[in-house]
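For reference, the structure is listed below as structure tokens.
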Amino acid sequence: MKQIILLGLLSIASAGVYQITLTRHDSRMIKYLREGTWSSYLQYKERLRLTSKTRFSSHQSIGQGINDYEDNEYVGNITIGTPGQIFSVCLDTGSANLWIPDVTCSKCSKHNQFVSTKSSTYKQNGQSWSISYGDFHNLNNVLTASGFYGVDTVGIGDGASKLLIPTTTFGQATSENDLMLSYKSFDGIMGLAFTSLAVDGIIPPLINAINQGLLDQPFFTVYLEERGDVDNVPGGYITYGGLDTQNCGSVIAYQPLSSATFFQFTINEVSLGSYTKNKAWQVISDTGTAFVCGPNSIVDQLAKAAGATYSNTDEIYYIDCNANFGPLNIVIGGKTYSITTKQMIISAGNNKCYFAVCQMGTGFGIDWILGDPFIRQYCNIYDLGNKRIGFASAK
Numbered sequence: 001m002k003q004i005i006l007l008g009l010l011s012i013a014s015a016g017v018y019q020i021t022l023t024r025h026d027s028r029m030i031k032y033l034r035e036g037t038w039s040s041y042l043q044y045k046e047r048l049r050l051t052s053k054t055r056f057s058s059h060q061s062i063g064q065g066i067n068d069y070e071d072n073e074y075v076g077n078i079t080i081g082t083p084g085q086i087f088s089v090c091l092d093t094g095s096a097n098l099w100i101p102d103v104t105c106s107k108c109s110k111h112n113q114f115v116s117t118k119s120s121t122y123k124q125n126g127q128s129w130s131i132s133y134g135d136f137h138n139l140n141n142v143l144t145a146s147g148f149y150g151v152d153t154v155g156i157g158d159g160a161s162k163l164l165i166p167t168t169t170f171g172q173a174t175s176e177n178d179l180m181l182s183y184k185s186f187d188g189i190m191g192l193a194f195t196s197l198a199v200d201g202i203i204p205p206l207i208n209a210i211n212q213g214l215l216d217q218p219f220f221t222v223y224l225e226e227r228g229d230v231d232n233v234p235g236g237y238i239t240y241g242g243l244d245t246q247n248c249g250s251v252i253a254y255q256p257l258s259s260a261t262f263f264q265f266t267i268n269e270v271s272l273g274s275y276t277k278n279k280a281w282q283v284i285s286d287t288g289t290a291f292v293c294g295p296n297s298i299v300d301q302l303a304k305a306a307g308a309t310y311s312n313t314d315e316i317y318y319i320d321c322n323a324n325f326g327p328l329n330i331v332i333g334g335k336t337y338s339i340t341t342k343q344m345i346i347s348a349g350n351n352k353c354y355f356a357v358c359q360m361g362t363g364f365g366i367d368w369i370l371g372d373p374f375i376r377q378y379c380n381i382y383d384l385g386n387k388r389i390g391f392a393s394a395k
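Going by full-length UniProt numbering, the residue at position 21 of the sequence shown is 21; the numbering climbs one at a time, nothing skipped.
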């Protein structure tokens, strides 16, 4: 499951610090829940998954991200080339490759497509690639794309003073499966995780910017704003190269990463109401997930403590919109981080709400995913240079 935010560049606080405005959009999941068609769509997606499993088996390289982007609400504008060609991409800490549709993709005409002959800085790479993205319920391939690599200047944001990253390798998709093509709100995906997670070891754009000394500090800060049941409104900021001191308080603590692939670290306890569970779990912070996701049995107990009921057809937990079950507490490095009831109850329209947790299958060595409810409560500082993650209370 995933969420969508459009990015617009704000003023630069200092050399090498860039702040991007996020705009929140209703996700596909929310739209279909309101229309009463979500369960039918899940069945359609499963049929597509079964028919697409073998379509990309002949390519040289295959990687898999953690997200399927159904609940993704955050999409960003980037440019590629000189002059810049604009694309909307999912900004995803759960993957590490950048790719967009190429003009040679015959089925991609409803999306923006890259035309290399229109860029004076484009260079050919020649290597082919293929990538797939899974979901938490079934780790078989769900979304797939493939094509070839190119090298060009990538610009983050759509303002006059954007972050320009020369000689960035990116994927030019010549083929996407039907489910990937069905997403109308974004053209491609820009991974924000580490090079070790990237297909073919391609250096991600932000790592490339850090290596070239384009950022003051080797990290970025994500602040997500609570806007409730509204669409197409400002939804927060991403600050590249520095802390967001306007929207985030002082750093509470940093936690070393247990794996510099995803932003993966250790948590030691979760609790809600009278339910408490202690264990050393592996967890990732993920901007592309609208939920707090964890092991099935524990998520069930948390939902029970909150008074939520699981829907087998919609694959989510429904809850009374006015429920007040107290905070979801998570212990990280000996400190307790509390997610309020307000952050955990999401409107699905028609006087229905869901409890923002989800069950996730095993895989990737990850037990939990801390998505947007946690990031709305605490600004997350993704420190690529020092391989750690920091947390600060959102103002």
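From the three backbone atoms N, C-alpha and C, an ideal C-beta is built for every residue, glycine too. Source: prediction; values computed, not measured.
- Judged by pairs of C-beta atoms under 8 Å, the stretch 149-166 touches the stretch 75-82, as three or more such pairs exist.
- Counting C-beta pairs closer than 8 Å gives fewer than three between the stretch 99-115 and the stretch 205-223, which falls short of the contact rule.
- Contact between the stretch 234-251 and the stretch 309-316 is absent: fewer than 3 CB-CB pairs across the two stretches fall below 8 Å.
- By the CB criterion at 8 Å, Q301 and T340 fall outside the cutoff.
- For T276, the enclosing beta strand (DSSP E) begins and ends at Y275 to S285.
- Partner residues in the beta bridge of I86, as assigned by DSSP, are T79.
- Between V357 and T287, the gap from beta carbon to beta carbon reaches 8 Å or more.
- Approximately 6 Å separates the beta-carbon atoms of F262 and G94; this is inside 8 Å, confirming the contact.
- Counting only residues of its own chain and dropping the five nearest sequence neighbours on each side, L197 has a CB closer than 6 Å to the CB of A96 and T261.
- K342 counts as exposed, since fewer than 16 other beta carbons sit within 10 angstroms of its beta carbon.
- A straight line joining the alpha-carbon of A323 with that of Y337 spans about 21 Å.
- Under the 8 Å Cβ criterion, the stretch 288-300 does not count as touching the stretch 380-394, having fewer than three qualifying pairs.
- No Cβ-Cβ contact shorter than 8 Å links N247 with C90.
- Taken in chain order, the whole beta strand (DSSP E) runs of length 3 or more contained in the stretch 316-352 are 316-319, 328-332, 335-339 and 345-349.
- Between the stretch 25-37 and the stretch 251-258, the count of C-beta pairs closer than 8 Å stays below three; the two stretches do not touch.
- In its chain, beyond the 5 residues on either side, N125, Y149, V151, I202 and I203 have a beta carbon closer than 7 Å to the beta carbon of T169.
- Between the alpha carbons of W38 and Q172 lies a distance of about 31 Å.
- For S119, the secondary structure class from DSSP, reduced to helix, strand or coil, is coil.
- When DSSP states are grouped into helix, strand and coil, E35 belongs to the helix group.
- In this structure, V292 sits away from N329, with a CB-CB distance that is not shorter than 8 Å.
- The DSSP assignment places complete beta strand (DSSP E) segments of no fewer than 3 residues inside the stretch 158-184 at 163-176, in order along the chain.
- By the beta-carbon neighbour count (other beta carbons within 10 angstroms, threshold 16), G213 is exposed.
- Judged by their CB atoms, Q19 and D244 are nearer to each other than the 8 Å cut-off.
- The Cβ atoms of S116 and T82 do not sit closer than 8 Å to each other.
- If you look at N97, you'll find it isn't in any alpha helix (DSSP H); DSSP assigns it neither H nor E.
- In the structure shown, I252 adopts extended strand secondary structure according to DSSP, grouped into three states.
- Taking the CA atoms as reference points, T167 sits about 9 Å from Y122.
- Taking the Cα of N350 as reference, the smallest distance to any Cα among S161, E35, D26 and N386 is reached at E35.
- Between S274 and A305, the beta carbon gap of about 6 Å places them in contact (Cβ cut-off 8 Å).
- Beta-carbon to beta-carbon, S146 and S175 are separated by about 5 Å, close enough to satisfy the 8 Å threshold.
- In the DSSP assignment, Q19 falls within the unbroken beta strand (DSSP E) covering Y18 to R24.
- Under the DSSP assignment, F374 falls in the alpha helix (DSSP H) whose first and last residues are D372 to Q377.
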